[in-house]
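So the protein lines, in turn, are chains S and A.
Counting along the first sequence from 1, when you hit position 147 you're at 147 in the working numbering, and nothing is skipped either side.
Just so we're on the same page, the working numbering is the position in the second sequence counted from 1, plus 1000.
From the three backbone atoms N, C-alpha and C, an ideal C-beta is built for every residue, glycine too.
One structure is given here, and the rest of the page talks about it.
2 protein chains.
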Amino acid sequence: MTEFGFIEQICQLFAPLPDQGFEGIGDDCAVLPLAGGEALVFTTDLLTEGVHFLRHATTARELGGKSLAVNLSDVAAMGVKPVATMLSIALPRDATQQWALEFMEGYRELSECFGTPLVGGDTTRSESGITINVTAIGRGALSHLKRRRDARPGDTIFVAGELGASGAGLREILAGRFDTPLAAVHRNPKPQVAEGIWFGEHPEVHAMMDLSDGLASDLGHILELSHAGAEIDLEHIPVAAGADLKTAACGGEDYKLLLTADAASSERLAAEFRERFGTPLYPIGRITRGEGLTWLRNGRPEVLDWRGFEHY
Amino acid sequence: MTEFGFIEQICQLFAPLPDQGFEGIGDDCAVLPLAGGEALVFTTDLLTEGVHFLRHATTARELGGKSLAVNLSDVAAMGVKPVATMLSIALPRDATQQWALEFMEGYRELSECFGTPLVGGDTTRSESGITINVTAIGRGALSHLKRRRDARPGDTIFVAGELGASGAGLREILAGRFDTPLAAVHRNPKPQVAEGIWFGEHPEVHAMMDLSDGLASDLGHILELSHAGAEIDLEHIPVAAGADLKTAACGGEDYKLLLTADAASSERLAAEFRERFGTPLYPIGRITRGEGLTWLRNGRPEVLDWRGFEHY
């Protein structure tokens, strides 16, 4: 059974339950609308040793930062501000006290950076392997929330940064080269928190998510939930230095924001983004009335068997 | 380093961060006051194979229920209603699809029982061992919240059910006897959700928590945070059938509520509790101006080296 097959079964199993005011599963975060036009969002992510990280290929400090970063990225992808996190960590006997403290320092550094307090958690022993679970809570105006289901035919598709550096870095790590700049990018993802909040404030932005499994896979979720298709111009995908096009399209863990915006506003949006953040917002294609993802090279369809990223 | 030593270091490390409206660490749940006199509470618990459960000694369905139960118990211990949960689960190759589905069915059964939707989560592979993390969210009136720090000298100390059955059941499981009634109690904790909400509505109840590590250990948290002491009458501890006094005082995972209440109201509270729930509320001692926990046998102090429960 695939992960998505299992999730589908879980959704069916729980569909009859009362919603208690929460929106259903399917986005980067669960959404709880509050009184006064506010909303809270919630996300949780489990990282297991040997699957999501290799202990010998990362420092504890980096791993602490990354565990938090991937969750902050999910909150940012909803268009609101992360306001708190909870951390559960299971440590085996061969993880030292020093390792645990350095992990927490990395977690705290990024917490400071984004002003998110640690409000709870759980620490326990593990029989083998380190396991980390982070829950992040975000808060903002309900009207600012961006959901995967809201892409509209004609929308311009943007990515908010260059792609492929993390995937290329992972390849170097797997080849035993830990000390390269790209390997460092893979181990130290930078969640686009300020960017996500900024997009939340722009109603011309329709759908948004963060790129964790690669464009080829993640865009599919937007298309499925929005009942739409997409054309991606291969020559417009911004490939990070050191990466290649396929890695940019299929590599995982870039944690850049992927969004769709009203075509009539898209030039202005990109100009304002550059003015605000000093970096480009890259238009890479458009939402169509069709179905599925079509790759175009210089306007011509190209059949590519490109899929998303799989973990170690 | 002990678990509590590590938690203490984490608290110091994160103390300088902004609170974003959350109350600090130290209770069964984190607390976020909302507008209009409401509050949300949050808790998270990590269960790892070989530490919190033995796969051969529990069914998947029971484990699904227990993973949820221990979190609902934390929400109930705050005096409010659980309204949603998120589940992360890491499965190794030797956990079958059938196992995973039965786990989810057990989780759903208890979710239905308490009306808590599953609003998010994460499923992933594990290199070895099953790991489960549940985050539970509760909601209620801010004025209903019960905190560990609010015990007052003179308060009557109550437990909301008999103690020791789970600890006695664990002993049988460790001796290889899985099919006994007490072993079943250990594997199927019943969170006192309705009771917790009911106590929340009673302002004469001051401090509350759930008994997960055993009375001898857990009461210490209330005393420390309330800057108070306690006397416990050994002959008043309600010992479950099949358990002994020491197991009732030190065994873990009973998930009964421990609370303190104004002495002048305590007889009425116990009578109302019995009327509402059909079971006794057991007075076991009182909060004092002193420090630490004093065991009394027929009114005389008795020195006992009794400590809380440790996992497998």
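Cβ-Cβ separation, residue j to residue i (assumed contact under 8 Å), whole Å
{"i": "L1259 of chain A", "j": "L1215 of chain A", "result": "The pair is not a contact, with the Cβ atoms about 12 Å apart (cut-off 8 Å)."}
{"i": "I132 of chain S", "j": "S67 of chain S", "result": "5 Å"}
{"i": "F199 of chain S", "j": "G79 of chain S", "result": "6 Å"}
{"i": "I222 of chain S", "j": "A207 of chain S", "result": "5 Å"}
{"i": "L1315 of chain A", "j": "G1065 of chain A", "result": "Outside the shown range of chain A (1001 to 1312) lies residue 1315 of chain A, about which nothing can therefore be said."}
{"i": "A76 of chain S", "j": "V193 of chain S", "result": "5 Å"}
{"i": "F14 of chain S", "j": "R1108 of chain A", "result": "6 Å"}
{"i": "I1287 of chain A", "j": "D1155 of chain A", "result": "4 Å"}
{"i": "L1281 of chain A", "j": "A1160 of chain A", "result": "6 Å"}
{"i": "G1026 of chain A", "j": "L1225 of chain A", "result": "6 Å"}
{"i": "V1083 of chain A", "j": "P1189 of chain A", "result": "About 20 Å; that fails the 8 Å criterion."}
{"i": "E162 of chain S", "j": "A240 of chain S", "result": "4 Å"}
{"i": "D262 of chain S", "j": "E204 of chain S", "result": "4 Å"}
{"i": "R307 of chain S", "j": "S212 of chain S", "result": "Between S212 of chain S and R307 of chain S the Cβ distance is about 14 Å, and since that is not below 8 Å, they are no contact."}
Cβ of residue i within 8 Å of any chain A Cβ
{"i": "L174 of chain S", "result": "no"}
{"i": "F22 of chain S", "result": "yes"}
{"i": "G252 of chain S", "result": "no"}
{"i": "D45 of chain S", "result": "yes"}
{"i": "G36 of chain S", "result": "yes"}
{"i": "A90 of chain S", "result": "yes"}
{"i": "E112 of chain S", "result": "yes"}
{"i": "I287 of chain S", "result": "no"}
{"i": "I25 of chain S", "result": "yes"}
Residue-chain proximity (residue i, chain S), Cβ-Cβ < 8 Å
{"i": "E1049 of chain A", "result": "yes"}
{"i": "E1109 of chain A", "result": "no"}
{"i": "G1115 of chain A", "result": "yes"}
{"i": "F1053 of chain A", "result": "no"}
Chain-ordered neighbours of residue i on chain A, where CB pairs are closer than 9 Å
{"i": "L84 of chain S", "result": "Residue 84 of chain S is actually Ala in this sequence, not Leu. Those are D1019, Q1020, G1021, F1022, A1030, L1032, F1042, listed as they occur along chain A."}
Cross-chain neighbours of residue i in chain A, by beta carbon under 8 Å
{"i": "L13 of chain S", "result": "M1104, E1105, R1108"}
Neighbour list for residue i in chain S, Cβ cutoff strictly below 8 Å
{"i": "Q1009 of chain A", "result": "L101, M104"}
{"i": "I943 of chain A", "result": "There is no way to answer for residue 943 of chain A, as the model of chain A reaches only from 1001 to 1312."}
Contact set between residue i and chain S, taken where Cβ atoms lie within less than 7 Å
{"i": "F1006 of chain A", "result": "A100, T123"}
Measuring CB atoms only, is the segment 244-253 of chain S touching the segment 130-142 of chain S, in the sense that at least three cross pairs come out at less than 8 Å?
Result no; under three Cβ-Cβ pairs closer than 8 Å.
How do the segment 1123-1133 of chain A and the segment 1165-1175 of chain A stand: do at least 3 beta-carbon pairs fall below 8 Å, yes or no?
The segment 1123-1133 of chain A, when compared against the segment 1165-1175 of chain A, does not touch it at the 8 Å Cβ threshold.
Short-range partners of chain A found in the segment 118-137 of chain S, where Cβ spacing is below 8 Å
For the segment 118-137 of chain S, the beta-carbon criterion of a distance under 8 Å to any beta-carbon of chain A is satisfied by L118, V119, G120, G121, D122, T123, T124, R125, S126, E127, S128, G129, T131, N133, T135, I137.
Members of the segment 1210-1227 of chain A near chain S, C-beta cut-off 7 Å:
Cβ contacts with chain S come from no residue of the segment 1210-1227 of chain A.
Any residues in the segment 1249-1276 of chain A with a beta carbon nearer than 7 Å to a beta carbon of chain S? Which ones, in chain order?
Correct list: empty, as no residue qualifies.
Is the segment 1291-1302 of chain A in contact with the segment 1228-1247 of chain A, if contact means three or more CB pairs nearer than 8 Å?
With the cut-off at 8 Å, the segment 1291-1302 of chain A and the segment 1228-1247 of chain A touch.
Within 8 Å, do at least three Cβ pairs link the segment 150-169 of chain S to the segment 88-101 of chain S?
Output reads no: the segment 150-169 of chain S does not touch the segment 88-101 of chain S.
Validate contact between the segment 1109-1121 of chain A and the segment 1241-1250 of chain A using beta carbons, cut 8 Å, 3 pairs:
Contact between the segment 1109-1121 of chain A and the segment 1241-1250 of chain A is not established, with fewer than three Cβ pairs separated by less than 8 Å.
Contact between the segment 1138-1155 of chain A and the segment 1267-1276 of chain A is defined here as three or more beta-carbon pairs at a separation below 8 Å; is this criterion met?
Touching, no.
Would you check if the segment 1041-1056 of chain A and the segment 80-94 of chain S touch, i.e. whether three or more CB-CB distances between them fall below 8 Å?
As far as the Cβ criterion goes, the segment 80-94 of chain S touches the segment 1041-1056 of chain A, which means the pair count is three or higher.
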